[in-house]
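Number of protein chains: 2
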Amino acid sequence: MSERRASTGITVACAQMDPELGDIEGNIDRTERGIREAAARGAELVVLPECASGGWAFADRGESERAAQPLVGGPTITAWQKLSAELGIWVCGGFGESTADGALYNSSVLIAPDGVKSLYRKVHLWNTENLAFDPGDLGYPVVETPFGRVGMLICYDAWIPESFRSLAVRGADLALAPSDWVPNPHQPADMPPLAHIMVTAGAHSNQMYVAASSRFGVERGQEFIGRSAIADHTGWLLATAGDAEEVITASIDPVGSREQRRNDPFNRPLGDRRISQYALGEVETGLA
Amino acid sequence: MSERRASTGITVACAQMDPELGDIEGNIDRTERGIREAAARGAELVVLPECASGGWAFADRGESERAAQPLVGGPTITAWQKLSAELGIWVCGGFGESTADGALYNSSVLIAPDGVKSLYRKVHLWNTENLAFDPGDLGYPVVETPFGRVGMLICYDAWIPESFRSLAVRGADLALAPSDWVPNPHQPADMPPLAHIMVTAGAHSNQMYVAASSRFGVERGQEFIGRSAIADHTGWLLATAGDAEEVITASIDPVGSREQRRNDPFNRPLGDRRISQYALGEVETGLA
Numbered sequence: 001m002s003e004r005r006a007s008t009g010i011t012v013a014c015a016q017m018d019p020e021l022g023d024i025e026g027n028i029d030r031t032e033r034g035i036r037e038a039a040a041r042g043a044e045l046v047v048l049p050e051c052a053s054g055g056w057a058f059a060d061r062g063e064s065e066r067a068a069q070p071l072v073g074g075p076t077i078t079a080w081q082k083l084s085a086e087l088g089i090w091v092c093g094g095f096g097e098s099t100a101d102g103a104l105y106n107s108s109v110l111i112a113p114d115g116v117k118s119l120y121r122k123v124h125l126w127n128t129e130n131l132a133f134d135p136g137d138l139g140y141p142v143v144e145t146p147f148g149r150v151g152m153l154i155c156y157d158a159w160i161p162e163s164f165r166s167l168a169v170r171g172a173d174l175a176l177a178p179s180d181w182v183p184n185p186h187q188p189a190d191m192p193p194l195a196h197i198m199v200t201a202g203a204h205s206n207q208m209y210v211a212a213s214s215r216f217g218v219e220r221g222q223e224f225i226g227r228s229a230i231a232d233h234t235g236w237l238l239a240t241a242g243d244a245e246e247v248i249t250a251s252i253d254p255v256g257s258r259e260q261r262r263n264d265p266f267n268r269p270l271g272d273r274r275i276s277q278y279a280l281g282e283v284e285t286g287l288a
Numbered sequence: 001m002s003e004r005r006a007s008t009g010i011t012v013a014c015a016q017m018d019p020e021l022g023d024i025e026g027n028i029d030r031t032e033r034g035i036r037e038a039a040a041r042g043a044e045l046v047v048l049p050e051c052a053s054g055g056w057a058f059a060d061r062g063e064s065e066r067a068a069q070p071l072v073g074g075p076t077i078t079a080w081q082k083l084s085a086e087l088g089i090w091v092c093g094g095f096g097e098s099t100a101d102g103a104l105y106n107s108s109v110l111i112a113p114d115g116v117k118s119l120y121r122k123v124h125l126w127n128t129e130n131l132a133f134d135p136g137d138l139g140y141p142v143v144e145t146p147f148g149r150v151g152m153l154i155c156y157d158a159w160i161p162e163s164f165r166s167l168a169v170r171g172a173d174l175a176l177a178p179s180d181w182v183p184n185p186h187q188p189a190d191m192p193p194l195a196h197i198m199v200t201a202g203a204h205s206n207q208m209y210v211a212a213s214s215r216f217g218v219e220r221g222q223e224f225i226g227r228s229a230i231a232d233h234t235g236w237l238l239a240t241a242g243d244a245e246e247v248i249t250a251s252i253d254p255v256g257s258r259e260q261r262r263n264d265p266f267n268r269p270l271g272d273r274r275i276s277q278y279a280l281g282e283v284e285t286g287l288a
């Protein structure tokens, strides 16, 4: 058992940074700094924030288009791929994606040293993102890796419990969440940030690890809180960041803990579902 | 607008107590104390804990059966109905339910001064409850009341996000959650109890109010934490209890806030769902 854990466990890192709107080259440098620090600290996987390639607060679709790039051959993905191969570290990061048919997505990519392994397109656009991006159309892909089955979600997706749940249903052990977390207007001072509550609830209810890398700083008046967080499968946080540039790390073992998670004698909120009893379609009356 | 709020808003109360295993008459007295205090403090609706009629820690099905009662004509429901009519207060509480065909449910009831309005049977049994009860078979009913559309869930149901979601899909403005919250074995001292995290996440992601009444005390070695909580539709807690006998109250307006909740410019996690992108069936591989 301990041998198995030793062979499957990894160090995961979240590199928190402050990307600059439209500055593709400068942001490549910023992400490189985080990726190199994560690798130097022994991480096998590093998560970067949402829209780490070109910033977030686009005024319109023209602006987001100028900062976007294709998955294959784009400058940021190319740079991350090169660093991944050089350092032997997996890289997950958010980027503005343009496609050949003119679509624009708030996307994230999972890159292994030998190539791109997964692409996710943000399903739930938040606020003014609707002016800059098309809603994601790939659902919630999950891929096998040496450190477990991995899926992605982006920022506000974590507010909608179907995001974590869809990953869990598809077998994910670990959710990676590039994020640009903003302050909650009603946040009480004596409670954790709402983002941490969503991460803890999502990790616990789905018995999966979560690594969420957020940004800090201000863009066009929109403040970001940082506070990147890594949760284990109980939901509680193994590591958290402050509100400045920082790389946080945690030791996790998504593969080695599968048996324990499956047979948890205390709580089994994923296995205890009773699908026949639910109403999960369109809202039948009222609010939405 | 203020007139509308004044006409639809209510004071909701949670009466936290320590029921005794198998002591039906004593527990009627305990709940009466909480109901009367809630009414005296101006509450139009009071929520009692899970299994407030006969306790929780049943060793086997024989024991839970001896403490159970039918919905119609059972001593506890009869007593609550009488108090509801006398005091003009709605009562929601948990009770062990027996049926004519020999089923046993961990149930909750919503009683108006003029009669029973809704019955819920706990969908997700936790731990040893599986020895004492049958799993609920009514899904998540929602009923119209003068203070909004109301549904119920019980304790561990809140750990499974489909519970809150099913209520929201059926149009609920307010979820009532009779609970017997237990300590989380991994609870960090510097974080809110996991139960509060689940209530906050459920209320926020579904833009609904939640009133959760928990018990305290120890039954057959099982500790309960109390910490009853009332959340508004942002998820943040309006009132919380400690770990002793206590009635907490909060002013809420589920009907008057519908427009505001529907058009929240900041977050609309219920309205922003994209059902076509989800995987919500049986787990496809792995954990469960």
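Going down the list, the protein sequences come from chains A and B. No gaps in the numbering here: position 243 of the first sequence is 243 in the UniProt record's numbering, and each next residue is one more. No gaps in the numbering here: position 8 of the second sequence is 8 in the UniProt record's numbering, and each next residue is one more. Ideal placement from N, C-alpha and C gives every residue a C-beta, glycine not left out.
Contact list for E284(B) against chain A, beta-carbon separation under 7 Å: As a working mapping, residue 284(B) is identified with position 284 in the second sequence. Neighbours of E284(B) on chain A, chain order: V169, R170 and G171.
S179(A) vs S213(A) beta-carbon contact at 8 Å: Residue 179(A) sits at position 179 when you count from the first residue of the first sequence. Residue 213(A) sits at position 213 when you count from the first residue of the first sequence. Against a cut-off of 8 Å, the Cβ pair of S213(A) and S179(A) comes out as a contact.
Rounded C-alpha distance that separates G102(B) from T78(B): On the second sequence, residue 102(B) is found 102 positions in, with the first residue counted as 1. On the second sequence, residue 78(B) is found 78 positions in, with the first residue counted as 1. In a straight line, the C-alpha of G102(B) is about 21 Å away from that of T78(B).
Members of the stretch 213-247 of chain A that neighbour chain B once the beta carbon cut-off is set at 9 Å: D232, T234, G235, W236 and L237
Stretch pair the stretch 194-202 of chain A + the stretch 34-41 of chain A: three plus CB contacts closer than 8 Å: no
At least three beta-carbon pairs within less than 8 Å, the stretch 8-20 of chain B to the stretch 48-66 of chain B: yes
Proximity test, Cβ basis, 8 Å: I275(B) and chain A: As a first step, residue 275(B) is located in the second sequence; it is residue number 275 there, counting from the start. Yes, I275(B) counts as interfacial toward chain A.
One or two residues paired with residue 291(A) in a DSSP bridge: Outside the displayed range of chain A (1 to 288) lies residue 291(A), so it cannot be described from this structure.
Integer Cβ distance of Q277(A) from V218(B), believed to fall under 8 Å: Translated into positions along the first sequence, residue 277(A) becomes position 277. Translated into positions along the second sequence, residue 218(B) becomes position 218. Not a contact, Cβ separation roughly 31 Å.
Alpha-carbon spacing of A15(A) relative to H196(A), whole angstroms: Start at 1 with the first residue of the first sequence, and residue 15(A) comes out as number 15. Start at 1 with the first residue of the first sequence, and residue 196(A) comes out as number 196. Roughly 17 Å between the two C-alpha positions.
Through-space distance from G226(B) to A244(B), alpha-carbon basis: As a position in the second sequence, residue 244(B) is number 244, starting the count at 1. As a position in the second sequence, residue 226(B) is number 226, starting the count at 1. Each residue's Cα considered, the two are about 7 Å apart.
Cβ-based burial, A189(A) [other Cβ within 10 Å; buried from 16]: For the purposes of this step, residue 189(A) is taken as residue 189 along the first sequence, with counting starting at 1. The residue is exposed, with fewer than 16 neighbouring Cβ atoms inside 10 Å.
Within chain B, partners of L280(A) - CB distance below 7 Å: Indexing the first sequence from 1 puts residue 280(A) at position 280. By Cβ distance, chain B contributes E162, R165, S166, V169 and L280.
Proximal residues of chain A, C-beta to C-beta of Y140(B) below 9 Å: Here residue 140(B) refers to the residue found at position 140 when the second sequence is read from its first residue. The answer, in chain order, is Q277, Y278 and A279.
Under the three-state DSSP convention, the category N106(B) falls into: Residue mapping note: residue 106(B) aligns to position 106 of the second sequence, counting from 1. Strand.
Closer than 8 Å to chain A by CB, P269(B): As a working note, residue 269(B) is residue 269 in the second sequence. Yes - at least one Cβ of chain A is within 8 Å of the one on P269(B).
Residues bridged to Q69(B) (per DSSP): As a working mapping, residue 69(B) is identified with position 69 in the second sequence. DSSP output for Q69(B) lists E97(B) as bridge partner(s).
Residue range of the alpha helix (DSSP H) that includes G26(B): Residue numbering aside, residue 26(B) sits at position 26 when the second sequence is read from its first letter. G26(B) -> alpha helix (DSSP H) spans I24 to A40.
Segments of 4+ residues assigned as alpha helix (DSSP H) that fall wholly inside the stretch 109-163 of chain A: 129-132
Coil, strand or helix - W90(B) by DSSP: On the second sequence, position 90 is the one that residue 90(B) refers to. Three-state result, W90(B): strand.
Cα-Cα separation between A175(A) and V247(B), rounded to whole angstroms: Within the first sequence, residue 175(A) is the residue found at index 175, counting from 1. Within the second sequence, residue 247(B) is the residue found at index 247, counting from 1. Approximately 40 Å, taken between the alpha carbons.
Cα-Cα separation, S107(A) to S84(A): What you label residue 107(A) is simply residue 107 of the first sequence in a count that begins at 1. What you label residue 84(A) is simply residue 84 of the first sequence in a count that begins at 1. Rounded to whole angstroms, S107(A) to S84(A) spans 19 Å at the Cα level.
Check whether L110(A) and K117(A) have beta carbons under 8 Å apart: Within the first sequence, residue 110(A) is the residue found at index 110, counting from 1. Within the first sequence, residue 117(A) is the residue found at index 117, counting from 1. It is a contact, given that the beta carbons lie within the stated cut-off.
Whole-Å CB distance - T76(A) paired with I24(A), under 8 Å assumed: Residue mapping note: residue 76(A) aligns to position 76 of the first sequence, counting from 1. Residue mapping note: residue 24(A) aligns to position 24 of the first sequence, counting from 1. That belief holds up - the Cβ atoms of T76(A) and I24(A) are roughly 6 Å apart, short of 8 Å.
N- and C-terminal bounds of the beta strand (DSSP E) containing V46(A): On the first sequence, residue 46(A) is found 46 positions in, with the first residue counted as 1. Note, V46(A): beta strand (DSSP E), L45 to V47.
Other residues of its chain near I160(A): CB distance less than 7 Å, five sequence neighbours each side excluded: In the first sequence, the residue the question calls residue 160(A) occupies position 160. These residues qualify, in order along the chain: H124.
Neighbouring residues, chain B, relative to T200(A) (Cβ below 7 Å): Looking up residue 200(A) in the first sequence gives position 200. Chain B residues near T200(A): I197.
Three-state secondary structure assigned by DSSP to G281(A): Within the first sequence, residue 281(A) is the residue found at index 281, counting from 1. The answer is coil: DSSP assigns G281(A) none of H, G, I, E or B.
C-beta neighbour in chain A for F266(B), strict 8 Å: Indexing the second sequence from 1 puts residue 266(B) at position 266. By this cut-off, F266(B) is an interface position.
Buried/exposed call for D157(A), threshold 16 Cβ in 10 Å: Your numbering for residue 157(A) matches position 157 in the first sequence. When all chains shown are included, D157(A) counts as buried.
Contact with chain D by P188(A), beta-carbon distance below 8 Å: Here the protein chains are A and B, and chain D is not one of them.
Start-to-end residues for the alpha helix (DSSP H) that takes in S251(B): As a working note, residue 251(B) is residue 251 in the second sequence. That residue, S251(B), is in no alpha helix (DSSP H); its beta strand (DSSP E) goes E246 to I252.
T200(B): first and last residue of the uninterrupted alpha helix (DSSP H) it sits in: By one-based count along the second sequence, residue 200(B) stands at place 200. L194 to N206 is the span of the alpha helix (DSSP H), which, as asked, contains T200(B).
Enclosing beta strand (DSSP E) for Q16(A) [first to last residue]: Mapped onto the first sequence, residue 16(A) falls at position 16. Here the beta strand (DSSP E) through Q16(A) covers I10 to Q16.
Contact with chain A by S205(B), beta-carbon distance below 8 Å: Position 205 of the second sequence, counted from the start, is the residue given in the question as residue 205(B). Chain A, which has a Cβ nearer than 8 Å to the Cβ of S205(B), makes this yes.
Alpha-carbon to alpha-carbon, F133(A) and E63(A): Taking the first residue of the first sequence as 1, we reach residue 63(A) at position 63. Taking the first residue of the first sequence as 1, we reach residue 133(A) at position 133. So the alpha carbons of these two residues sit roughly 10 Å apart.
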